[in-house]
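Structure first, commentary second.
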Amino acid sequence: MAPTVEVVQKQCGHPEWEEPFVVNMGPQHPSTHGVLRLYLELDGENVVKCDPRIGYLHRGVEKLSENMTYTQAMILTDRLDYISSAANNVGYCLAVEKLLGLEVPRRARLLRTIVCEMARISSHLLWLATHALDIGAMTVFLYCFRDREWLLDIYEKICGARLTVSYPRVGGVRLDFTSEIIDELYKFTEEFPSRILDYETLIDVNRIWLKRTKGIAVISAEKAVNLGLTGPSLRGSGVPYDVRKFKPYDAYDEVEFEVPVGKIGDTYDRYRVRMEELRQANRIIRQCLDKLSETEGEPVVAEEAPDLLMPEKKKTPQAVPHPKKGFLVKGAEVPVVPEGEVYVSIEAPKGELGYYIVSDGSGKPWRVRVRAPSFVHISSIPELIKGHMVADLIAVIGTLDVVLGECDR
Amino acid sequence: MEAVLKMATPWLILILEALVLLVVALLHVAYTTYAERKIIGHMQQRLGPNRVGPRGLLQPIADVVKLVAKEDIVPSGADKSLFYLAPFISLVAGATSLAVIPVWEKFALANVNVGLLVILAMSSLSSYGIILSGWASNSRYAFLGGLRASAQVISYEVAMALSLVGVMLMAGSMNLSEIVKAQVASPFKIYAIPQIIGFFVFMVSAIAETNRTPFDLPEAESELVAGYFVEYSGIRFGLFYLAEYFGMVVMSALAVTCFLGGWAGPFEIPGIPFFWFLVKLYALIFFYIWVRATLPRYRYDQLMGLGWKILIPLALLNIVITGLIKVLV
Chain F
1 MAPTVEVVQK QCGHPEWEEP FVVNMGPQHP STHGVLRLYL ELDGENVVKC
51 DPRIGYLHRG VEKLSENMTY TQAMILTDRL DYISSAANNV GYCLAVEKLL
101 GLEVPRRARL LRTIVCEMAR ISSHLLWLAT HALDIGAMTV FLYCFRDREW
151 LLDIYEKICG ARLTVSYPRV GGVRLDFTSE IIDELYKFTE EFPSRILDYE
201 TLIDVNRIWL KRTKGIAVIS AEKAVNLGLT GPSLRGSGVP YDVRKFKPYD
251 AYDEVEFEVP VGKIGDTYDR YRVRMEELRQ ANRIIRQCLD KLSETEGEPV
301 VAEEAPDLLM PEKKKTPQAV PHPKKGFLVK GAEVPVVPEG EVYVSIEAPK
351 GELGYYIVSD GSGKPWRVRV RAPSFVHISS IPELIKGHMV ADLIAVIGTL
401 DVVLGECDR
Chain R
1 MEAVLKMATP WLILILEALV LLVVALLHVA YTTYAERKII GHMQQRLGPN
51 RVGPRGLLQP IADVVKLVAK EDIVPSGADK SLFYLAPFIS LVAGATSLAV
101 IPVWEKFALA NVNVGLLVIL AMSSLSSYGI ILSGWASNSR YAFLGGLRAS
151 AQVISYEVAM ALSLVGVMLM AGSMNLSEIV KAQVASPFKI YAIPQIIGFF
201 VFMVSAIAET NRTPFDLPEA ESELVAGYFV EYSGIRFGLF YLAEYFGMVV
251 MSALAVTCFL GGWAGPFEIP GIPFFWFLVK LYALIFFYIW VRATLPRYRY
301 DQLMGLGWKI LIPLALLNIV ITGLIKVLV
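Same order as they appear, the protein sequences are chains F and R.
Heads up: the first sequence begins at 1 in the UniProt record's numbering, then just goes up one per residue.
Heads up: the second sequence begins at 1 in the UniProt record's numbering, then just goes up one per residue.
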């Protein structure tokens with residue numbers, strides 16, 4: 001534990017009042033992972049007060065969605081957590097599918113699971129890279145980027161995009177994998193575990209790394225739950241909550257994987273949890289690849305899936321047979337998407353990512369609300385930084401793995 | 001006329017020697033930056049600079065040209081005179097230390113009897129540049145960086161000076177040339193073996209003294225953006241950069257002189273009397289670079305703890321042991 005300091009808060013105007021040393025860390029700062037701004041009051045090197053101020057990357061994604069059709073709005077979700085865009089897409093698609101009552105073909109579910117776990121690996125690699133760089137280990141950063149590059153190349157082969165993939169779609173995925181992609185992924189899963197060992201040899205037993213991460217920003221399981229932490233940040237404290245296990249979506253009920261948990265909930269535990277998750281993600285991809293051969297040639301989009309060009313408002317149906325509702329009467333208006341509201345959450349790399357969608361029956365969502373893990377995690381920074389130093393603040397931001405695109409939306 | 005010339009000749013020679021040393025040292029510093037980028041690049045699976053000139057060899061020159069051409073920005077509210085002065089203090093202090101380093105037996109620009117003290121004094125002086133720049137910049141990050149630097153330099157200065165006491169005891173002199181000669185005459189030829197504790201303490205505190213990873217807290221880029229020189233731009237930034245590398249070269253040269261036997265080597269290289277000095281110097285600089293590529297950064301209190309709780313007691317123990325052996329043997 002770092003030594004805690006007792007600070008006497010004196011009121012302004014009091015004879016002993018001293019003006020606090022205020023540092024505005026960010027929004028332009030190399031290690032606030034985007035445009036996070038932290039209002040800090042310092043006493044020497046110790047942080048007396050930390051107040052996160054967000055909103056510098058607000059693009060109004062939720063409001064924009066209301067003026068787009070469901071399929072158009074999906075590309076906005078790419079821009080939430082831009083490091084793991086595939087996971088965001090999957091979450092959104094699952095929500096809309098639940099609204100539509102769509103059944104996704106098995107092959108599509110497997111493919112989605114693969115891209116989701118690829119997103120997890122690339123997100124965790126970026127986290128490890130930046131976390132290590134923040135603490136000062138520069139080499140890990142470049143090692144991680146080397147391997148992340150490989151994954152992004154695979155993404156490029158899958159769908160043409162590297163970062164904002166938009167690969168899943170409502171009712172399935174856009175394209176099937178070619179055999180070349182499957183071979184490449186097999187090669188990756190074969191190679192990747194040894195790469196994880198590479199990173200671990202660089203920092204796992206490094207005394208300075210241990211000193212900087214052990215006992216830093218400890219958070220008990222109870223407090224973590226109360227603060228609303230999810231994902232690896234919560235599991236680091238020993239709570240084995242994982243949406244993939246508790247409410248399996250896509251193909252997660254078919255694959256075997258473990259949910260790694262930490263013990264005391266310090267920065268080191270969260271680091272270990274994420275490293276273990278890298279291995280598990282690799283394992284899941286491998287299993288899904290094996291299962292892909294069972295579904296060779298099956299469709300990857302549900303038959304009833306709405307067109308990518310959805311009608312904007314209510315559809316005035318022609319006298320044509322409809323797969324679900326029988327023969328439609330000319331002139332009556334049928335909702336494109338049934339009225340109702342859904343909430344679907346998935347285990348995104350950063351934590352539990354939830355989509356709450358309200359439909360009024362038109363082709364556009366009436367309201368989209370995103371439960372972003374980064375937003376919740378940033379709100380826990382003041383709690384975690386209590387009694388620590390400026391240098392630990394960087395470790396805390398790193399260990400929570402926040403992305404401002406998701407937080408500010 | 002002749003009398004004037006006669007009087008001026010030694011001075012002219014001295015100035016010429018100083019110029020030669022400065023140019024050679026500057027070239028070394030410039031190409032240390034290149035070597036650092038290249039070596040770290042290869043350690044990190046990338047290529048390093050390779051665009052300017054063959055294999056990027058002209059990169060340092062391109063850097064200097066770029067830095068000189070850049071606008072020299074002074075932040076509003078800065079203490080202008082100190083702001084201008086600070087980089088020069090750093091650089092001059094770093095460069096002056098070189099004068100007392102005996103590159104080979106017959107070449108030490110200033111063969112003073114308190115060479116070690118001069119170097120210690122100069123390295124303390126260079127921290128003034130850091131503190132003043134932090135103070136004058138009128139920036140919170142720079143101020144924090146300056147504060148850290150002052151604390152760090154003071155504590156590691158002590159450890160470094162103490163680690164050198166063992167060498168002084170063994171050599172019986174503070175003249176660097178004498179130290180090398182005493183080393184060559186000693187049974188192990190280098191002091192790094194009998195003074196292994198001192199050598200260790202010296203190397204660690206030398207890294208801290210020059211503000212390099214893992215002790216680069218004053219300029220911790222992830223916390224303080226760039227630390228004390230965050231507000232500097234153009235050639236003034238370049239001067240700080242130079243000063244850091246000068247510090248690295250000086251500290252390595254000092255380690256070579258005090259612990260690794262200076263210019264002496266296993267056999268004579270005809271024509272290049274300073275061959276072994278350079279080999280050892282490059283090896284140590286490589287070590288510095290290697291450390292930078294490998295280690296994360298210490299936290300402020302951990303750094304202080306390491307300095308005061310481990311290095312200084314070790315250095316003191318080293319003095320006691322050296323003294324005892326000196327008395328008994």
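A virtual CB, placed ideally from N, CA and C, is assigned to each residue, including glycine.
Using only the alpha-carbon positions, how far apart do residue i and residue j sit?
i, j, result
"residue 381(F)", "residue 52(F)", "7 Å"
"residue 313(F)", "residue 100(F)", "The pLDDT assigned to residue 313(F) is 48, lower than 50, so where the model puts this residue is not dependable; a value taken from the coordinates is nonetheless given after this. Looking at the two C-alpha atoms, the distance is approximately 16 Å."
"residue 371(F)", "residue 59(F)", "16 Å"
"residue 318(R)", "residue 294(R)", "28 Å"
"residue 283(F)", "residue 253(F)", "14 Å"
"residue 279(F)", "residue 68(R)", "49 Å"
"residue 137(R)", "residue 231(R)", "6 Å"
"residue 327(R)", "residue 165(R)", "15 Å"
"residue 207(R)", "residue 91(F)", "50 Å"
"residue 28(F)", "residue 138(F)", "20 Å"
"residue 279(R)", "residue 351(F)", "53 Å"
"residue 410(F)", "residue 275(F)", "Because chain F spans 1 through 409 in this model, residue 410(F) falls outside it and cannot be assessed."
"residue 42(R)", "residue 48(R)", "7 Å"
"residue 129(F)", "residue 39(F)", "25 Å"
"residue 369(F)", "residue 88(F)", "13 Å"
"residue 240(F)", "residue 171(F)", "30 Å"
"residue 160(R)", "residue 329(R)", "26 Å"
"residue 98(R)", "residue 25(R)", "8 Å"
Any heavy atom of the ligand MN inside 7 Å of the beta-carbon of residue i?
i, result
"residue 282(R)", "Here there are no bound small molecules, and the ligand MN is not part of this structure."
Around the C-beta of residue i, are 16 or more other C-beta atoms found within 10 angstroms, so that it is buried, or is it exposed?
i, result
"residue 330(F)", "Because the pLDDT of residue 330(F) is 47, which lies under 50, any placement of that residue in the model is unreliable, and the number read from its coordinates should be weighed accordingly. With fewer than 16 Cβ atoms within 10 Å of its Cβ, residue 330(F) is classed as exposed."
"residue 276(R)", "buried"
"residue 219(F)", "buried"
"residue 102(R)", "buried"
"residue 23(R)", "exposed"
"residue 84(F)", "buried"
"residue 24(F)", "exposed"
"residue 76(R)", "exposed"
"residue 183(R)", "buried"
"residue 209(F)", "buried"
"residue 173(F)", "buried"
"residue 189(F)", "buried"
"residue 303(F)", "exposed"
"residue 343(F)", "exposed"
"residue 46(R)", "exposed"
"residue 197(F)", "exposed"
"residue 127(F)", "buried"
"residue 54(F)", "buried"
Go through its chain and collect everything with a Cβ distance to residue i's Cβ below 6 Å, but skip five positions before and after it.
i, result
"residue 243(R)", "90, 91 and 94"
"residue 347(F)", "242, 243 and 244"
"residue 341(F)", "358"
"residue 61(F)", "76 and 409"
"residue 192(F)", "282"
Can you find the residues in the same chain that come closer than 7 Å, C-beta to C-beta, to residue i, ignoring five residues on each side of it along the sequence?
i, result
"residue 28(R)", "249"
"residue 212(F)", "135 and 395"
"residue 191(R)", "167, 170, 183, 258 and 259"
"residue 236(F)", "262, 265, 269, 270 and 273"
"residue 204(R)", "311"
Who are the Cβ neighbours of residue i in its own chain at under 8 Å, not counting the five residues just before and after it?
i, result
"residue 181(F)", "154, 157 and 158"
"residue 72(R)", "233, 234, 235 and 236"
"residue 360(F)", "339 and 366"
Within 8 Å of any Cβ in chain A, is that where the Cβ of residue i sits?
i, result
"residue 199(F)", "No chain A is part of this structure, whose protein chains are labelled F and R."
Worksheet item: Between the region 363-393 of chain F and chain R, which residues of the former have CB atoms less than 8 Å from a CB of the latter, in chain order?
Response: So the list reads 389, 390, 391, 392 and 393, given in the order they occur along the chain.
Practice prompt. Please specify which runs of the beta strand (DSSP E), each continuous and at least 3 residues long, are wholly inside the region 19-65 of chain F, giving them in chain order.
Written response: Within the region 19-65 of chain F, the runs of beta strand (DSSP E) that reach at least 3 residues and sit entirely inside it are, in chain order, 21-25, 37-43 and 46-53.
Fill in: Residues of the region 288-306 of chain R whose Cβ lies closer than 8 Å to any Cβ of chain F, in chain order
Contacts with chain F (Cβ-Cβ distance below 8 Å) from the region 288-306 of chain R involve 292, 293, 294, 295, 296, 297, 298, 299, 300, 301 and 302, listed in chain order.
Worksheet item: Whole beta strand (DSSP E) runs in the region 148-178 of chain F with 3 or more residues, listed along the chain?
Response: Entirely contained in the region 148-178 of chain F, not one beta strand (DSSP E) run reaches 3 residues.
Item to complete: With 8 Å as the C-beta to C-beta threshold (strictly closer), list the residues of the region 29-56 of chain R near chain F in chain order.
Response: Cβ contacts with chain F come from 40, 43, 44, 45 and 46.
Worksheet item: Closer than 7 Å, Cβ to any Cβ of chain R: which residues of the region 210-222 of chain F, in chain order?
Response: With the criterion set as a beta carbon lying under 7 Å from some beta carbon of chain R, the members of the region 210-222 of chain F are 211 and 212, in sequence order.
Worksheet entry | chain F contacts from the region 110-144 of chain R (Cβ-Cβ distance under 8 Å) | Within the region 110-144 of chain R, the residues whose Cβ lies closer than 8 Å to some Cβ of chain F are 140, 141 and 144, listed in chain order.
Fill in: Every unbroken alpha helix (DSSP H) within the region 239-295 of chain R, with a cutoff of 4 residues, ordered by chain
As far as the region 239-295 of chain R is concerned, its whole alpha helix (DSSP H) runs of at least 4 residues are 275-294.
Item to complete: Taking a Cβ distance cut-off of 7 Å, strictly less, list which residues of the region 41-58 of chain F are near chain R, in chain order.
Response: Within the region 41-58 of chain F, the qualifying residues are 45.
Discussion item. So within the region 69-125 of chain R, which uninterrupted alpha helix (DSSP H) runs reach at least 4 residues, ignoring any that extend past its ends?
Written reply: As far as the region 69-125 of chain R is concerned, its whole alpha helix (DSSP H) runs of at least 4 residues are 80-96.
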